[in-house]
C-alpha cells in the first residue's frame with residue numbers, strides 16, 4: 003500500500019516551516035516594500051494583487067494589476083527564499099520539496115490500476131486543500147499583522163476561478179473585472 007497520506011503530512015510540515023518566510027514576503031507586498039513596478043507605474047494605480055501557483059510543483063508568482071487589468075508590476079516569485087532540505091548541489095528549485103516529488107513520481111511511474119488512481123486523486127485533492135488553506139492562512143495573518151488590506155486573488159495558474167483572499171470565496175475572472183468598471 004502506498005503511503006500517500008504521509009506525503010501530505012510531509013508537505014504540511016514543510017509548509018509549516020515555510021510560514022515565517024511567506025509571512026515576511028506577504029507583509030512586504032502589503033507594505034509595498036517588495037513590489038517592483040514597471041516604469042511609470044506605482045501603487046497609486048494598483049487595483050489588485052494576483053497570486054498564482056503552478057499545479058504540479060506549487061511554484062507561486064505574484065503581480066499587481068490596475069483597474070483595467072493591465073499588469074503594472076514585474077512578476078515575482080513567492081516565497082523569495084525556499085525552506086529547502088535539498089542538497090546544495092541539487093538543481094531542484096521548485097517550491098514542492100524534491101523528496102516529496104520523487105516519492106510521488108515513483109508511485110505515478112507504476113502501472114496505475116483503478117484503486118491506485120483513486121488514491122492519487124484523493125492525495126491530490128488533499129494536497130491542494132492543505133496548500134491553499136496554508137496560503138490563505140498566511141495571507142490572513144499578514145493582513146492582521148500589517149493592518150493593510152488590498153484586493154487580492156489566489157488561484158492555480160491560468161484558471162478563470164480564483165479565491166478572493168479577503169472573503170475566501172471563489173470568484174470568476176469576469177466578475178473580478180466587473181468590480182473595477
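Residue numbers (the numbering used here): 3 to 183. C-beta atoms are modelled at their ideal positions from N, C-alpha and C, and glycine is treated no differently. Note that this is a predicted model, so its numbers are computed, not measured.
Residue 102 versus residue 12: straight-line alpha-carbon distance, rounded: 7 angstroms
Cβ shell of residue 151 (< 6 angstroms), same chain only, five flanking positions each side left out: 145
Euclidean distance between Cα positions of residue 6 and residue 114: 14 angstroms
Chain-order list of residues whose beta-carbon lies under 7 angstroms from that of residue 182 (same chain, five-residue window excluded): 49, 69
Expected contact under 8 angstroms - CB spacing of residue 43 and residue 75 to nearest Å: 7 angstroms
Cutoff 9 angstroms: residue 139 Cβ touching any chain D Cβ: No chain D is present in this structure, which holds just one protein chain.
Candidates 46, 37, 58, of which the one nearest residue 126 by Cα: 58
Alpha-carbon spacing of residue 116 relative to residue 159, whole angstroms: 28 angstroms
Those residues which DSSP pairs with residue 24 across a bridge: Note: residue 24 sits in no beta bridge, so no partner.
DSSP bridge partner residues for residue 120 (one or two, in chain order): Answer is none; residue 120 lacks a bridge partner.
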